[in-house]
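There are 2 protein chains.
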Amino acid sequence: MSKEMKKPDPYQLSHQIGYNLRRANQRHVAIFSKHVEGLTPTQFAVLARLWECGALSQNKLGRLTAMDSATIKGVVERLRTKGLVQSSADQNDQRLRLVDLTQAGRAAFEVGLDQALAARLETVEGLTPEEIEVFETLLAKLI
Amino acid sequence: MSKEMKKPDPYQLSHQIGYNLRRANQRHVAIFSKHVEGLTPTQFAVLARLWECGALSQNKLGRLTAMDSATIKGVVERLRTKGLVQSSADQNDQRLRLVDLTQAGRAAFEVGLDQALAARLETVEGLTPEEIEVFETLLAKLI
DNA sequence: CAACATCTGCTTGTATACGAACAATTCTGC
DNA sequence: GCAGAATTGTTCGTATACAAGCAGATGTTG
């Protein structure tokens, strides 16, 4: 090593949690796309939440899927175009648009469920079951 | 609870690692933006990697910062516009564009360093030091 | 009741991320 | 040496994410 002396790396990008969160997220998105055809993780999250909760206002749906109002508007629109959700004005509050699953959306969730769970398995395949549990717990503390 | 019987939630979105990775990443990006002015985490990653490695080809830089060629092109262009990097043709391989920090880029990295480390601290503030170490280790196994 | 604050959905612009495609350049194997 | 494969950078289109801003509707307070 006849190179000039390098200052020790003060940041060490590869060890930064933020950087690695991004990489883990990217990896998960790629795996999800491999398993679940025609739906992004974000779109599937919307289907899942509507399946769980029933009709929600668009803004509430965004809050329950960690998306801001601009983002949820786009996602709902694309799902509506796919025929998987429907939206309508709320009779009780003129500000709200209610979003609900269509039959096709219900079916898409149910078909996609096994695929999404397979994607989940592949995402964590480098960890033991105990590690998975620890990771989930710590991750939940981070958000 | 006189509601009709609900089927148990087969997916439990809030417990899905993929969903929580996205939320953790989103949280980190928001914290980073609070601490580091004028640079996104991704842009800072580029500065950090160039500081660490010196001049790199654009494609190599993208690979070392987990960005594909379309994304790194945009990020480099925006950093170039800010005067923080310069790029030039490689004399030895006509396909390559070499990207390097400018003096201003060097300075931006050094100024941003403490801010980025503060962002990191805030991102993990819900965890004990031991938990942080475990999380980092498990996260590294995921990517 | 009215003024003000808050909420909702929408629009716009910027940044990231990726797939597909392409042209030019370099590498590889015969 | 040459054909084919691989690499690089660029372009384009789609999806997500967010900040800022806005109009209209609803909630809160005096």
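Going down the list, the protein sequences come from chains A and B. Sequential numbering of the first sequence, starting at 19, is according to the numbering used here. Sequential numbering of the second sequence, starting at 19, is according to the numbering used here. Just so you know, even glycine gets a beta-carbon here, dropped at the ideal spot from N, CA and C.
Discussion item. Is residue 50 (chain B) a contact residue of the ligand HEM, with contact defined as CB to any heavy atom under 7 Å?
Written reply: Inclusion of the ligand HEM in the displayed structure is not the case, the ligand content being empty and no account of it being possible.
Worksheet entry | Those runs of the beta strand (DSSP E) which lie wholly inside the stretch 54 to 115 of chain A and span at least 3 residues | 103 to 107
Discussion item. Against chain A, does residue 20 (chain B) count as a neighbour if the rule is that its beta carbon must be under 8 Å from one of theirs?
Written reply: Confidence at residue 20 (chain B) is low in this model, with a pLDDT of 37, below 50, so its placement is unreliable and the value that follows should be read with caution. No, its Cβ sits nowhere closer than 8 Å to a Cβ of chain A.
Worksheet entry | Buried versus exposed, by CB contacts within 10 Å (16 or more), residue 122 (chain A) | exposed
Fill in: Three-pair Cβ contact test at 8 Å for the stretch 47 to 65 of chain B versus the stretch 59 to 69 of chain A
no
Worksheet item: To which residues does DSSP link residue 117 (chain B) through a beta bridge?
Response: B:74, B:105
Worksheet item: So is residue 34 (chain A) buried or exposed if we call it buried at 16+ other beta carbons inside 10 Å?
Response: buried
Worksheet item: Does the distance from the CB of residue 42 (chain A) to the CB of residue 160 (chain B) come in under 8 Å?
Response: yes
Worksheet item: According to the neighbour-count rule (16 or more other Cβ atoms, all chains shown, within 10 Å of its Cβ), is residue 80 (chain B) buried or exposed?
Response: buried
Discussion item. Taking 8 Å as the cut-off, does the stretch 111 to 127 of chain B touch the stretch 95 to 102 of chain B (at least 3 CB pairs, one atom from each stretch)?
Written reply: yes
Worksheet entry | residue 107 (chain B), buried or exposed, once every other Cβ within 10 Å from all chains shown has been counted against 16 | exposed
Item to complete: Leaving aside the five residues before and after residue 73 (chain B) along the sequence, list all residues of the same chain whose C-beta is less than 7 Å from its C-beta, in chain order.
Response: 116, 117, 118
Item to complete: Would you grab the beta carbon distance between residue 94 (chain A) and residue 76 (chain A) for me? Rounded to a whole angstrom, and I think it's under 8 Å.
Response: 6 Å
Discussion item. Please report whether the beta-carbon of residue 59 (chain B) lies at a distance below 8 Å from any beta-carbon of chain A.
Written reply: yes
Worksheet item: Considering residue 159 (chain B), what are the terminal residues of the alpha helix (DSSP H) in which it resides?
Response: 147 to 160
Discussion item. Strictly under 8 Å for the Cβ-Cβ distance: is residue 121 (chain B) near chain A by that measure?
Written reply: no
Worksheet entry | Residue-chain proximity (residue 124 (chain B), chain A), Cβ-Cβ < 8 Å | no
Practice prompt. Pick helix, strand or coil for residue 44 (chain A), following the three-state DSSP scheme.
Written response: helix
Practice prompt. Using three-state DSSP, classify residue 132 (chain A) as helix, strand or coil.
Written response: helix
Fill in: Spatial distance of residue 147 (chain A) from residue 137 (chain A) (CA atoms)
16 Å
Worksheet item: In chain order, what residues of the same chain lie with their CB nearer than 7 Å to the CB of residue 153 (chain B), ignoring the 5 residues before and after it?
Response: 145
Discussion item. Given a cut-off of 8 Å on the beta-carbon distance, is the pair residue 30 (chain B) and residue 84 (chain A) in contact?
Written reply: no
Discussion item. Buried or exposed for residue 56 (chain B), going by 16 or more other Cβ atoms inside 10 Å?
Written reply: exposed
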